[in-house]
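Chains as they are written, first to last, in my numbering: chain A, 1 to 290; chain B, 291 to 1013.
Note sheet for the following structure.
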């Protein structure tokens, strides 16, 4: 019945401790998902490894090719970062839309991903930006794409003794722009009914789409990329007509269901609409940047 | 301290075969397990009809029915033991909506059948009025099940000691709890002590018993106090709800916009138990024509048992439902006539001396017209076209809507309805005001203290209040029905005036008959010399004399020969709401941008209290309009926590502007009337009317959530998915 809380100080120790207490230990970062799952009886760990004080999981580094965000960085810290806001507005917007101020103060970017929810707000922007993850386990670290992390609701490719160490996002050039839009049923503490993140790269003359990446949340067992729509936009001019035409294919790429929050039908209609909006706004963003 | 926990079957309709408590009883730390056989008296309760068992003996009528109670040394042990109780049962066919419940061959929720009440009120000739009408609107409305969602879940402590049961559980009426507990425990009034202070919100949800009965039966079995606090899930599954209803209305008006007839059919789902299901339907019928004079009415309603969570009282008791329907009808009539919607309301609004649609004459002040006139002057209404023009995005549309309502004050004809108050100078020289009706967060304690202090001319700081204790305070009736400011306030006024006389008599005893007395901030002056309350109290103490007064006030009645028990009401509060929304036509999301509330307070006693009520009422009405709905499947509630049962958050709160008007009620304390409910019901149709104004879609089934709005928009514009 009782739970021991072990505070970890070094990242390298986490995997070892998870290995030693296989099946009994669970990582506690912000606790905004784990504690709810314990209360609801979904999980019953006897040990919680408190990693909230591990310094190296809490850094944000702007390197030449990528920005590395420690898995333990809180969503509030992302929201407060001017650099994140200006270079990755989709990440910033998604972080801002999670839960409430109190939840964002505790919740971490790593936790949002590792929880494996198809409605996780941070996943679509990171997927659309081609972000990668450093995973750390007792045998060392490895890198995987964010899009490959989640297998299905609550299920990830994390090994039993592995944690997310950090998130790496490729630096954006001035021809790129990214936008996140969420549909919730109220203005705070709302789980996404549907969300979309669009990351566009325009041609040198800013008249055509060089590439577009679209990721949707809450419309399938995991976040999905709309590859067919993306392909249909490649090389097209940036007008509304090409966007509308491309999004005609969207129905085949998402697989929403009816649930307590909304019907599949609503999700299909709204996804198309917010996707169009997101692409348009991303284009506008690039135009403003130039 | 011991801890209690309730065991349930978890299905909505079943027959219990066997209850095995052995494993639970064997668990270390378990003090007692109780079932129906441990109820010493009547295994039943209910304010009017005692149709709900304390512990189910044989039948399960809804998911929240208690089957057994566990008392253990810790909450965790109590929970573990509750899981060990094995309940063998057989599921039985149930009814889960009004259509299923009303069928002749429907499974019966109670042996008496599924119709709790069939109520009819008819006057005049509606068919004739329809034939000669300039416009007729006929529509059907669906109202969801709403949760009170008070901050404090049901919880409290009970202890049986020296032959006396003490129950400390937040409720709206300790004496009503006491009356029911006496029957259940087979005890006299003197043996059952109920305290309801403090209360963490109620909104009608604590008018009937919540956990008191089960808790008291558990406490009987052990030597020591037992505490129980519902989790939010337990609260949502077991607590009383707002009645889901389907209302159809056919309403006619002549070319001048005078409403000539209203034909109304109401189907109300009262859930598994009566609660106040008859009374709520009665209010819906009485308020079916809203705030308007209508000569020809044909109103008929059914309150039906189902296997859903039982519904009972909730702020704007049956009025929220009727008001939504009628305020939608009026809007459509005005639209068809090309008439200004505010003018339409002014044309038809009830005034003092009118005959109400129910048939009785309205003898007391009516605030509809003054609140509407005030609405015409407020910036949001006056400059609505300007405010609507500044939507934040091209695909977002703004609209401004208006709605008005009246709300009965008091319990109603034939029902006991009185206020009472004691005012005592204590040994310590404090003024102690005792009232039996709890302050449930709305601030009536402050209002009572202000009234008494005002009459005594003393500093508010001298005035204490004790409340809601069957031993220490007088029974002042229930905190409900927007009644305490008026009814209990009048008793406070009587007590304070008598107290002044008592104080004068006491002073005359001390200083002679011819003295000159003034009532001042800290006490009295006698011929210019100050005698503080402390001094007076010491003096009284030395003489073994007390200085105190009691006030009692009886609510007036309509004195009308009514076909329905408890009806009609004779006094009404009124409020008009103006709301501005912004509708996102891409997603269907609606934002309430600004909201104006104009309540008729009679006389404002405490402006912060009025604003608090107006803001809270607006939010509750906004939740009802836009997001709130208890979602269930065959009686099993799916939205059993506040992450799925959505209420507005701080982020959804608009700017709420409150402009009270004072249509003085001559019989009221300082001219005041109650506003607790009046500020709630019209918020909903004001928002729905604003949505129509913004995007020309009329939502008739609540909540108007993004999906409902988008579906209506797609239907209206014939848009396919290619928008």
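Note that beta-carbon positions come from the ideal geometry of N, C-alpha and C, so glycine has one too.
Residue burial classification, residue i (beta-carbon count within 10 angstroms, cutoff 16)
| i | result |
| --- | --- |
| residue 55 of chain A | exposed |
| residue 779 of chain B | buried |
| residue 408 of chain B | exposed |
| residue 634 of chain B | buried |
| residue 626 of chain B | exposed |
| residue 917 of chain B | buried |
| residue 102 of chain A | exposed |
| residue 401 of chain B | exposed |
| residue 1012 of chain B | Reliability of the predicted coordinates at residue 1012 of chain B is poor, the pLDDT of 48 falling under 50, and the value obtained from them is presented with this limitation in mind. By the 10 Å Cβ count, residue 1012 of chain B comes out exposed. |
| residue 240 of chain A | exposed |
| residue 938 of chain B | buried |
| residue 664 of chain B | buried |
| residue 565 of chain B | buried |
| residue 607 of chain B | buried |
| residue 576 of chain B | buried |
Contact set between residue i and chain A, taken where Cβ atoms lie within less than 7 Å
| i | result |
| --- | --- |
| residue 934 of chain B | 260 |
Within-8 Å CB hit, residue i to chain B
| i | result |
| --- | --- |
| residue 123 of chain A | no |
| residue 277 of chain A | yes |
| residue 119 of chain A | no |
| residue 288 of chain A | no |
| residue 104 of chain A | no |
| residue 98 of chain A | no |
| residue 183 of chain A | yes |
Under 7 Å from the C-beta of residue i: neighbouring residues of chain B
| i | result |
| --- | --- |
| residue 263 of chain A | 997 |
| residue 186 of chain A | 917, 936, 938, 939, 942 |
Cutoff 8 Å: residue i Cβ touching any chain A Cβ
| i | result |
| --- | --- |
| residue 938 of chain B | yes |
| residue 930 of chain B | no |
| residue 1004 of chain B | yes |
| residue 942 of chain B | yes |
| residue 912 of chain B | no |
Within chain B, partners of residue i - CB distance below 9 Å
| i | result |
| --- | --- |
| residue 233 of chain A | Residues of chain B passing the Cβ test: none, with the nearest at roughly 16 Å. |
Contacts that residue i makes with chain B (C-beta to C-beta distance below 8 Å)
| i | result |
| --- | --- |
| residue 225 of chain A | The premise fails here: residue 225 of chain A is roughly 20 Å from chain B at the closest Cβ pair, so nothing lies under 8 Å. |
Per-residue contacts from residue i into chain A (C-beta, under 9 Å)
| i | result |
| --- | --- |
| residue 1000 of chain B | 266, 269, 270, 273 |
Listed by chain order, chain A residues near residue i by CB distance under 8 Å
| i | result |
| --- | --- |
| residue 921 of chain B | 260 |
heavy atom of the ligand GTP below 7 Å from residue i C-beta
| i | result |
| --- | --- |
| residue 673 of chain B | The model on display carries no ligand, and the ligand GTP is accordingly not part of it. |
**Item:** Where the stretch 867-883 of chain B meets chain A: residues whose CB sits under 8 Å from a CB there
**Value:** 876, 877, 878, 879, 881
**Prompt:** Can you find at least 3 beta carbon pairs, one from the stretch 122-130 of chain A and one from the stretch 92-100 of chain A, that sit closer than 8 Å?
**Reply:** yes
**Prompt:** Per the contact definition of three or more C-beta pairs closer than 8 Å, is the stretch 229-249 of chain A in contact with the stretch 202-217 of chain A?
**Reply:** yes
**Request:** With 7 Å as the C-beta to C-beta threshold (strictly closer), list the residues of the stretch 688-710 of chain B near chain A in chain order.
**Result:** none
**Asked** Using 8 Å as the threshold, is the stretch 39-49 of chain A in touch with the stretch 72-89 of chain A, meaning 3 or more CB pairs across them?
**Response** no
**Asked** Does the stretch 593-610 of chain B touch the stretch 553-568 of chain B, meaning 3 or more C-beta pairs lie closer than 8 Å?
**Response** yes
**Item:** Within 8 Å of chain B by C-beta, residues of the stretch 188-211 of chain A in sequence order
**Value:** 188, 189, 190, 191, 193
**Request:** Would you check if the stretch 542-557 of chain B and the stretch 322-331 of chain B touch, i.e. whether three or more CB-CB distances between them fall below 8 Å?
**Result:** no
**Message:** For the structure I just gave you, are there three or more beta carbon pairs, one from the stretch 515-534 of chain B and one from the stretch 442-449 of chain B, closer than 8 Å?
**Reply:** yes
**Request:** Quick one: which residues of the stretch 595-621 of chain B get their C-beta closer than 8 Å to a C-beta of chain A? List them in chain order.
**Result:** none
**Prompt:** For the 8 Å Cβ check, are there 3 or more pairs between the stretch 415-422 of chain B and the stretch 610-617 of chain B?
**Reply:** no
**Prompt:** So, do the stretch 434-448 of chain B and the stretch 679-691 of chain B have three or more beta carbon pairs nearer to each other than 8 Å?
**Reply:** no
**Message:** So, does the stretch 976-990 of chain B touch the stretch 953-966 of chain B, judging by three or more C-beta pairs under 8 Å?
**Reply:** no
**Prompt:** Is the stretch 567-574 of chain B close to the stretch 851-862 of chain B, with three or more CB pairs under 8 Å?
**Reply:** yes
**Prompt:** Pairing CB atoms from the stretch 741-751 of chain B with CB atoms from the stretch 451-467 of chain B, are three or more of them under 8 Å?
**Reply:** no
**Asked** Contact between the stretch 784-800 of chain B and the stretch 486-502 of chain B: three or more CB pairs below 8 Å?
**Response** no
**Asked** Should the stretch 470-479 of chain B be regarded as contacting the stretch 534-542 of chain B, the criterion being three or more beta carbon pairs within less than 8 Å?
**Response** no
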